[in-house]
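Number of protein chains: 2
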Amino acid sequence: MPADSQAQAFDRFHIDQQLLRQRAFNLRWATVDEDVIPLTAADPDFPVAAEIREAIGAHVADGVLGYGPTEGFVGFRAAVAKRLTSIGVAAEPDRILATDGAASALWAACQAVLSHNDEALTFDPVDFLLPHCSERAGADVVRCPLEPGTGAIPEGALEQRISARTKAILVCNPHNPTGRVLRRDELLRIGELAIEHDLIIINDEVWSEIILGDVELISIASLSPEIAERTITISGFSKTYGMAGLRIGFIHAENESLYRKVLEASGAPRTTFGASVLSQVAAEAAILHCDRWLAGFLDHLRAMRAMAVPRLNALAGFSCAAPEGTYLLFPDIRETGSDEQELAERLHDEARVAVVPGLSEWFGPAAEGHLRLSFATSEEILDEALGRIEAVIARG
Amino acid sequence: MPADSQAQAFDRFHIDQQLLRQRAFNLRWATVDEDVIPLTAADPDFPVAAEIREAIGAHVADGVLGYGPTEGFVGFRAAVAKRLTSIGVAAEPDRILATDGAASALWAACQAVLSHNDEALTFDPVDFLLPHCSERAGADVVRCPLEPGTGAIPEGALEQRISARTKAILVCNPHNPTGRVLRRDELLRIGELAIEHDLIIINDEVWSEIILGDVELISIASLSPEIAERTITISGFSKTYGMAGLRIGFIHAENESLYRKVLEASGAPRTTFGASVLSQVAAEAAILHCDRWLAGFLDHLRAMRAMAVPRLNALAGFSCAAPEGTYLLFPDIRETGSDEQELAERLHDEARVAVVPGLSEWFGPAAEGHLRLSFATSEEILDEALGRIEAVIARG
Chain X
5 MPADSQAQAF
15 DRFHIDQQLL
25 RQRAFNLRWA
35 TVDEDVIPLT
45 AADPDFPVAA
55 EIREAIGAHV
65 ADGVLGYGPT
75 EGFVGFRAAV
85 AKRLTSIGVA
95 AEPDRILATD
105 GAASALWAAC
115 QAVLSHNDEA
125 LTFDPVDFLL
135 PHCSERAGAD
145 VVRCPLEPGT
155 GAIPEGALEQ
165 RISARTKAIL
175 VCNPHNPTGR
185 VLRRDELLRI
195 GELAIEHDLI
205 IINDEVWSEI
215 ILGDVELISI
225 ASLSPEIAER
235 TITISGFSKT
245 YGMAGLRIGF
255 IHAENESLYR
265 KVLEASGAPR
275 TTFGASVLSQ
285 VAAEAAILHC
295 DRWLAGFLDH
305 LRAMRAMAVP
315 RLNALAGFSC
325 AAPEGTYLLF
335 PDIRETGSDE
345 QELAERLHDE
355 ARVAVVPGLS
365 EWFGPAAEGH
375 LRLSFATSEE
385 ILDEALGRIE
395 AVIARG
Chain S
5 MPADSQAQAF
15 DRFHIDQQLL
25 RQRAFNLRWA
35 TVDEDVIPLT
45 AADPDFPVAA
55 EIREAIGAHV
65 ADGVLGYGPT
75 EGFVGFRAAV
85 AKRLTSIGVA
95 AEPDRILATD
105 GAASALWAAC
115 QAVLSHNDEA
125 LTFDPVDFLL
135 PHCSERAGAD
145 VVRCPLEPGT
155 GAIPEGALEQ
165 RISARTKAIL
175 VCNPHNPTGR
185 VLRRDELLRI
195 GELAIEHDLI
205 IINDEVWSEI
215 ILGDVELISI
225 ASLSPEIAER
235 TITISGFSKT
245 YGMAGLRIGF
255 IHAENESLYR
265 KVLEASGAPR
275 TTFGASVLSQ
285 VAAEAAILHC
295 DRWLAGFLDH
305 LRAMRAMAVP
315 RLNALAGFSC
325 AAPEGTYLLF
335 PDIRETGSDE
345 QELAERLHDE
355 ARVAVVPGLS
365 EWFGPAAEGH
375 LRLSFATSEE
385 ILDEALGRIE
395 AVIARG
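So the protein lines, in turn, are chains X and S. Those letters in the first sequence? Residues 5 to 400, by the working numbering. Those letters in the second sequence? Residues 5 to 400, by the working numbering.
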């Protein structure tokens, strides 16, 4: 990288710690002691793109901020349809619903599809929101273990966990916390099983724009019309564009009756839930006007990944795969002799770095013996945090 | 009023129809034919105050828009506590939760308090959200009829509807759609019944800042500590400040265990639901910096009420009380010989004015034979709409 573009990149991905200490919550800067670096919740340390700030400013200028459309602004829905079409999903704007964040989209999808006595099939490990939303809808959660190290779906593992009660498969792609991008053959198997057993696929793609490896993001609804008609695709704008505080996500279902069920479950038709009009405008700008910003962000993340993975693997007892997607590291730390909670506490107390312990309650039993670290911060901060961790682990 | 301040008021409460036709949804300008004037959803036709626009602009300027605090910004919660304290409610900021609108606050309160087989006691008529959220929580709704014409709570009417299954009383004060501001003796009776029968009071005060008559808004939680400890107070910023599109409301419960239940039910601790940080900033500015704006808005609404009520009462078969609170008119139109649906359709088709028919599904059986009209628009628009209605009714 030439010196000037490096300087520019540094400037752009420099962060303002003082501001973050006032503004960044959910286990992050504003919630930890002043000398602690948080590599915790999956939320970047960077401000939103200028294009997003400008879009909000333009919309708010005339002050008309009354009720938006029940399902979202035409512009928002068209932008999301464009994004989905670009990854091969035949998305029409009128099958897209704006929601109060990706998590609320997941909640609505589960409420629409799952009931008491149903089984929801998902993975182990996986982000707690997938089982949590399934359980809130009354379903029992069945977890399919992923292959340790790679995060691949073992041959036959899903099949043997499908029962007459199974109603849905909940997929997270790219996968949180393993960072794996699911392969075409894995997705095809999921799709075929869904068809065979008449299941709905709830596909959480909140990480779909953070692809760091030389691997293609395949959206399961793009595989065939038969798979598409039983898939609900969910995403949001917090991970990629740094706007978790704006609470904006979406649901797509090509199948009209499935879409209607999700819409009804979402609360939007009765105004009990909905997405802020400013957040929709911000998300529309993110999709339509932030390609260059995103390319720069991904370059930065690749550089951070290249720095962090070897340094974690050099730590005694750590084993860490390079994530193909997401900006999450998920090292196996069992060989350190500490469990995830002890080690996270030690890093907090001695290194003054906060990480997420791989607790069963957050990611499932298979997460035990792992830590989760986010690297969506500046090179300076990440280097400092890794240096502090190295010093503590070196002391043994 | 001196001529210059009149001109200023006119200017301020003039509306931009073109803009509204792009932006104002939920039965309003953007959803009706171009020649139709909507006096429908309870959302004002005016832009938000400059102070609100400025607060949003200032917050967005640095671009840090990551996760806010689970329960809301300190500043938002402190501002809401100040507002509640000003109406006599002993509110601490740490018992206030920011929500995705007042409707979502009501939903969370019902989820926290009501279960299958419980009874929720509310009124007839009343806005559909109170029974709707009760039913979504699994409860059976029992309606206490209000006194026709005045909207008062008839002596003994609540008492005879309380059973062993009654778990909560849902109050709307000022009342939508009657426009009544509940009196101290009515609220004391509700409070005493709640204590006697161990009920929770869910108090929807979304209209509490729109007091037009010479009557005091009494917040039921201000009446006594015993009543306060079983009261959940809910409000939002859409009706008063014109920011329904920002989806921001709050829940207050003085009782810590009740607050914890509502917080858990809200989804905020798991990020499934929450309030946009920009919407919180806008609401904080509304409470702290918009007193003068609000005083001007209330003056305008009083003038519109003074114009509209006599003109509706002069229509053959119409009988309309002046609302003490809200900007809603709720004329009894039974003497016209038409039902609410027929008359609303006729006004739509012939007068090109959209109003809300008093359908049982929206307001309960007692709303039948009524129309609901909003007068939160400019004098010019309201005069035009009333003139068109007068012409149609005069034709008989």
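For each residue, glycine too, the CB sits at the ideal point set by N, CA and C.
**Asked** Secondary structure at X:HIS352, three-state DSSP: helix, strand or coil?
**Response** Locating residue 352 of chain X in the first sequence gives position 348, counting from the first residue. X:HIS352: helix per DSSP, three-state reduction.
**Message:** In this structure, how does DSSP classify S:VAL4 when only helix, strand and coil are distinguished?
**Reply:** Absent from the model: residue 4 of chain S. The displayed extent of chain S is 5 to 400, so no value can be given.
**Message:** My output table needs one value for S:ALA314: the three-state DSSP class, helix, strand or coil.
**Reply:** Looking up residue 314 of chain S in the second sequence gives position 310. The sequence shown places Pro at residue 314 of chain S, rather than the Ala named in the question. Three-state result, S:PRO314: helix.
**Item:** At least 3 beta-carbon pairs within less than 8 Å: the segment 99-117 of chain S vs the segment 246-261 of chain S
**Value:** yes
**Message:** Less than 8 Å between the C-beta atoms of X:PRO178 and X:ARG187, yes or no?
**Reply:** Here residue 178 of chain X refers to the residue found at position 174 of the first sequence. Here residue 187 of chain X refers to the residue found at position 183 of the first sequence. No, the Cβ-Cβ distance between X:PRO178 and X:ARG187 is not below 8 Å.
**Asked** Out of curiosity, what's the CA-to-CA distance linking S:MET5 and S:GLY373?
**Response** What you label residue 5 of chain S is simply residue 1 of the second sequence in a count that begins at 1. What you label residue 373 of chain S is simply residue 369 of the second sequence in a count that begins at 1. Because the pLDDT of S:MET5 is 39, which lies under 50, any placement of that residue in the model is unreliable, and the question is left without a value.
**Message:** Which residue marks the beginning of the beta strand (DSSP E) containing X:ASP128, and which one marks its end?
**Reply:** Taking the first sequence and counting its residues from 1, the one referred to as residue 128 of chain X is at position 124. It spans 123-128 - the beta strand (DSSP E) in which X:ASP128 sits, taken as one unbroken run.
**chain S residues whose Cβ lies nearer than 9 Å to that of X:ASN431** = Not covered by the structure: residue 431 of chain X. The range shown for chain X is 5 to 400.
**Helix, strand or coil at S:SER261 [DSSP, three-state]** = Here the question's residue 261 of chain S lines up with position 257 in the second sequence. S:SER261 falls in the helix class under three-state DSSP.
**Message:** Can you confirm whether the segment 210-221 of chain S touches the segment 355-364 of chain S when touching is taken to mean that 3 or more C-beta pairs between the two stretches lie within less than 8 Å?
**Reply:** no
**Request:** Go ahead and pull the three-state DSSP assignment for X:PHE29.
**Result:** Within the first sequence, residue 29 of chain X is the residue found at index 25, counting from 1. X:PHE29: coil per DSSP, three-state reduction.
**Prompt:** With a Cβ-Cβ cutoff of 8 Å, do S:GLY72 and S:GLN284 count as a contact?
**Reply:** The residue labelled residue 72 of chain S in the question sits at position 68 within the second sequence. The residue labelled residue 284 of chain S in the question sits at position 280 within the second sequence. Result yes, Cβ atoms of S:GLY72 and S:GLN284 sit closer than 8 Å.
**Item:** Residue range of the alpha helix (DSSP H) that includes X:THR244
**Value:** The residue given as residue 244 of chain X occupies position 240 in the first sequence. 242-245 is the extent of the alpha helix (DSSP H) around X:THR244.
**Message:** Under 9 Å, CB to CB, which of the residues in the segment 123-141 of chain X have a partner in chain S?
**Reply:** PHE132, LEU133, HIS136, CYS137 and ARG140
**Prompt:** Roughly how far, in whole angstroms, is the beta-carbon of S:PRO97 from the beta-carbon of S:ALA109, given that I think they are within contact range, below 8 Å?
**Reply:** Locating residue 97 of chain S in the second sequence gives position 93, counting from the first residue. Locating residue 109 of chain S in the second sequence gives position 105, counting from the first residue. Contact flag wrong, Cβ pair sits at about 16 Å.
**Request:** Give the interface partners of X:ARG27 over in chain S, defined as CB-CB distance under 7 Å, in chain order.
**Result:** By 1-based counting over the first sequence, the position of residue 27 of chain X is 23. What X:ARG27 touches in chain S: VAL68 and GLY70.
**Request:** With DSSP collapsed to three states, give me the class of S:ARG147.
**Result:** By 1-based counting over the second sequence, the position of residue 147 of chain S is 143. Three-state result, S:ARG147: strand.
**Request:** Decide if S:ALA141 is buried, meaning its Cβ has at least 16 other Cβ atoms within 10 Å, or exposed.
**Result:** Against the second sequence, residue 141 of chain S aligns to sequence position 137. So S:ALA141 counts as buried.
**Nearest-angstrom beta carbon gap, S:ALA290 and S:PHE241 [assumed within contact, 8 Å]** = Along the second sequence, one-based indexing puts residue 241 of chain S at 237. Along the second sequence, one-based indexing puts residue 290 of chain S at 286. Contact holds; Cβ gap of about 6 Å.
**Asked** Do you know offhand how far S:ARG165's Cα is from S:VAL266's?
**Response** For the purposes of this step, residue 165 of chain S is identified with residue 161 of the second sequence, where counting begins at 1. For the purposes of this step, residue 266 of chain S is identified with residue 262 of the second sequence, where counting begins at 1. Distance between the alpha carbons of S:ARG165 and S:VAL266 is about 26 Å.
**Message:** As a quick exercise: from S:GLY391, S:GLU339 and S:HIS352, pick the residue whose alpha carbon is nearest that of S:THR44.
**Reply:** For the purposes of this step, residue 44 of chain S is identified with residue 40 of the second sequence, where counting begins at 1. The option with the nearest alpha carbon to S:THR44 is S:HIS352.
**Item:** Assumed close pair S:ALA102, S:ALA299 - CB separation to whole angstroms, cut-off 8 Å
**Value:** As a working note, residue 102 of chain S is residue 98 in the second sequence. As a working note, residue 299 of chain S is residue 295 in the second sequence. Not quite, the Cβ-Cβ distance comes to about 26 Å (not below 8 Å), so this is no contact.
**Neighbour flag for S:ALA11 against chain X, beta carbons, 8 Å** = Within the second sequence, numbered from 1, the residue matching residue 11 of chain S stands at position 7. For S:ALA11, the predicted structure reports a pLDDT of 41, less than 50, and the residue's modelled location is therefore unreliable. The matter cannot be settled from this model.
**Request:** Report yes or no: is there a C-beta of chain X within less than 8 Å of the C-beta of S:ALA299?
**Result:** Stepping through the second sequence from its first residue, residue 299 of chain S is reached at position 295. Taking Cβ atoms only, chain X never reaches closer than 8 Å to S:ALA299, which makes this a no.
**Message:** DSSP three-state label for X:ASP336, please.
**Reply:** To locate residue 336 of chain X, count along the first sequence from 1; it is residue 332. If DSSP states are grouped into helix, strand and coil, X:ASP336 belongs with the strands.
**Asked** How about X:PHE80 and S:PHE277: are their beta carbons less than 8 Å apart?
**Response** Translated into positions along the first sequence, residue 80 of chain X becomes position 76. Translated into positions along the second sequence, residue 277 of chain S becomes position 273. Cβ distance not < 8 Å, so X:PHE80 and S:PHE277 don't count as in contact.
**Asked** Since X:SER167 is in the alpha helix (DSSP H), which residue starts that stretch and which ends it?
**Response** Residue numbering aside, residue 167 of chain X sits at position 163 when the first sequence is read from its first letter. Here X:SER167 belongs to no alpha helix (DSSP H), and DSSP marks it neither H nor E.
**Contact set for S:LEU191: own chain, Cβ-Cβ below 7 Å, skip 5 residues either direction** = Within the second sequence, residue 191 of chain S is the residue found at index 187, counting from 1. Answer for S:LEU191: ILE222, ILE224 and LEU227, listed in chain order.
**Item:** Below-8 Å beta-carbon distance, S:ILE60 vs any chain X residue
**Value:** Locating residue 60 of chain S in the second sequence gives position 56, counting from the first residue. Closer than 8 Å: yes.
**Residue closest to X:GLY76, alpha-carbon to alpha-carbon, out of X:CYS148, X:GLY253, X:GLU233 and X:ILE194** = For the purposes of this step, residue 76 of chain X is identified with residue 72 of the first sequence, where counting begins at 1. Closest by alpha carbon: X:GLY253.
**Asked** Between S:PRO158 and chain X, is there a C-beta pair that is closer than 8 Å?
**Response** For this step, residue 158 of chain S is matched to residue 154 along the second sequence. Taking Cβ atoms only, chain X never reaches closer than 8 Å to S:PRO158, which makes this a no.
**Message:** Let's test the definition: count the other Cβ atoms within 10 Å of the Cβ of S:GLU123 and tell me whether it reaches 16, buried, or not, exposed.
**Reply:** Here residue 123 of chain S corresponds to residue number 119 of the second sequence, with the count starting at 1. Buried, since its Cβ has 16 or more Cβ neighbours within 10 Å.
**Request:** Could you tell me if X:VAL64 is buried or exposed, where buried requires 16 or more neighbouring beta carbons within 10 angstroms of its beta carbon?
**Result:** Mapped onto the first sequence, residue 64 of chain X falls at position 60. Burial call: buried.
**Asked** Which class does X:VAL117 belong to by DSSP, given the choice of helix, strand or coil?
**Response** As a working mapping, residue 117 of chain X is identified with position 113 in the first sequence. DSSP places X:VAL117 in helix when its eight states are reduced to three.
**Prompt:** What number of angstroms, rounded off, separates the C-alpha of S:ILE194 from the C-alpha of S:GLU151?
**Reply:** On the second sequence, position 190 is the one that residue 194 of chain S refers to. On the second sequence, position 147 is the one that residue 151 of chain S refers to. Those two C-alpha atoms are separated by around 16 Å.
**Message:** Run through chain X and tell me which residues come within less than 9 Å of S:TRP366, C-beta to C-beta.
**Reply:** Within the second sequence, the letter at position 362 stands for residue 366 of chain S. Within 9 Å Cβ-Cβ: nothing; S:TRP366 doesn't reach chain X, min ~11 Å.
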